[in-house]
Amino acid sequence: MSKIIDGKAVAAAVLEECRQEVEQLKARGVTPGLAVVLVGEDPASQVYVGSKVRTCGELGIHSEKIVLPTETTQEDLLAVVERLNADPAIHGILVQSPPPPHIDEEAIVRAIDPAKDVDGFHPENVAKLALEDPSGFVPCTPAGCMRLLKEAGVETKGANAVVIGRSMIVGKPMALLLMAKGSDATVTVAHSRSKDLPGICRQADIVIAAVGRPEMVKADWVREGAVVIDVGINRVEDASRKSGFRLTGDVAYPEVAPKCAAITPVPGGVGPMTIAMLMKNTLISAGRS
Ligand code: NDP
C-alpha cells in the first residue's frame, strides 16, 4: 500500500509557519513585501500571479502586482526591475515566466538584485546553491520537493535518487539539493538524450519526475517500495470534464502508486508547495533586510 504524500496539507503547514514569521517580522517593524511582474496576457500566468498575490494577502505580506502590456519593451521592463530593486518596501521580485518572446528573460533575471531574487534563478543564487552557501535563495519547486520528502519521513542519505529533467527551474537544482551534504543522496540526472530511462529509473529508491510529458513514468519503470515525486503539470483533453481537460503529472499514477512506498498526486502534490516556498523565500529576504 502506498502512502499518498499530501502536498496541500504540507503547504498549509508551511503557510502557517509563514503567518507566524510575518507577525514576528512586523513586531520588528518589517512588513515583508513581494512584487510580481506579469508581462502580457498568458492565461496560465495570470492564474499563477493571481494566486501568489492572494496568498500574500492571506499571510499579511505586502504585495505589488505589476501588469504590463505584451508590447512592453526590454528597456521598460528593466526600468521596472530597477525601480523594484531600489524600493525598500519590496524584499522579493519575480517576473512571471514565460515573458513574450521579444523579451530576453535571462537578461531580466540577471537584472534582479540577487538579494531580492526569491525565485532563486539569478546566477549568483545558482552558484550559491552549487556551493552549498545558505545565504542564497533555493528555487521554490525543488525546495518544495525536499520539504515533501522530509515531511513524508523519506531517508535520502545514501539513497539512489533519479531526477528526470535537467531544467534550471526544477531538475538541476533538485539534483544539487539531493546530493548536498545533509541530504547525501546518490543522484542520477536523466534527460531526453538518456539511454534506457526505464532501466535507470528501476535503480532508484527515489524518483523525481520533472519532464512535462503526461504519464510517461510507467509501473515497470519503478521498483517496488520506491518513493515517487511527480513535479509534472500537464493538461490533457478529457471530454468527461466540463472544462474539456484535466491535469495530470509525468507519472502514470494509477499503475505506479500501488508499487510505491510513497507518491505525490497531481494535483495536490508538488503544486501547492511552490507558492508556499515562494512565501518562505520572501520572508527569508525580509528577515535579512
Ligand atoms: P522543461 O521543459 O524546462 O524541462 C524538461 C526536462 O525534461 C528537460 O531536461 C528535457 O530534456 C527532459 N525531457 C523531455 N522529454 C523527455 C523524455 N522523453 N525523456 C527524458 N527526459 C525528457 O520543463 P520544467 O523543468 O520547467 O518543468 C517540468 C514539468 O514540471 C512540467 O510539466 C512543468 O509544468 C512542471 N512544473 C511544475 C511546477 C510545480 O509547481 N509543480 C513548477 C515548475 C514546473 P532535455 O534537457 O534533453 O531537453
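All residue numbers for the sequence shown refer to the UniProt record's numbering, where the first residue is 1 and numbers rise by one. Positions of the beta carbon are idealized from the N, C-alpha and C atoms, including for glycine. Computed from a predicted structure; not experimentally measured.
ask   = In angstroms, rounded to a whole number, what distance separates the CA positions of R223 and D250?
value = 17 Å
ask   = Quick one: what's got a C-beta closer than 8 Å to P88's C-beta in the same chain, skipping five residues either side?
value = S289
ask   = Around the ligand SAM, what residues have a beta-carbon under 5 Å from a heavy atom of it, in chain order?
value = In terms of ligand content, the structure shown lacks the ligand SAM and carries the ligand NDP instead.
Complete alpha helix (DSSP H) runs within the stretch 29 to 74 (minimum length 4 residues, chain order) = 43 to 59
inquiry  = Less than 7 Å between C-beta atoms, sequence neighbours within five positions excluded: which residues of the same chain meet that for D184?
reply    = T156, K157 and G158
request  = Give, in chain order, every unbroken run of the alpha helix (DSSP H) that is at least 4 residues long and sits entirely within the stretch 135 to 191.
outcome  = 140 to 151 and 171 to 179
query = So, using beta-carbon positions, are P99 and I108 closer together than 8 Å?
reply = yes
key: Rounded separation between N85 and H91 - CA only   = 9 Å
Beta carbon of residue 295 nearer than 8 Å to that of C260 = Outside the modelled stretch of the chain, which goes from 1 to 289, sits residue 295, for which no answer is possible.
query = Can you tell me the Cα-Cα spacing of E237 and G212, whole angstroms?
reply = 15 Å
key: Contacting residues, own chain, Cβ-Cβ under 7 Å from G144 (five flanking each side not counted)   = V270, M273, T274, A276 and M277
task = May I ask you to list the residues that DSSP assigns as paired with F245?
result = E237
ask   = What is the DSSP secondary structure of D230, counted as helix, strand or coil?
value = strand
task = Leaving aside the five residues before and after T72 along the sequence, list all residues of the same chain whose C-beta is less than 7 Å from its C-beta, in chain order.
result = V39
request  = With DSSP collapsed to three states, give me the class of I275.
outcome  = helix
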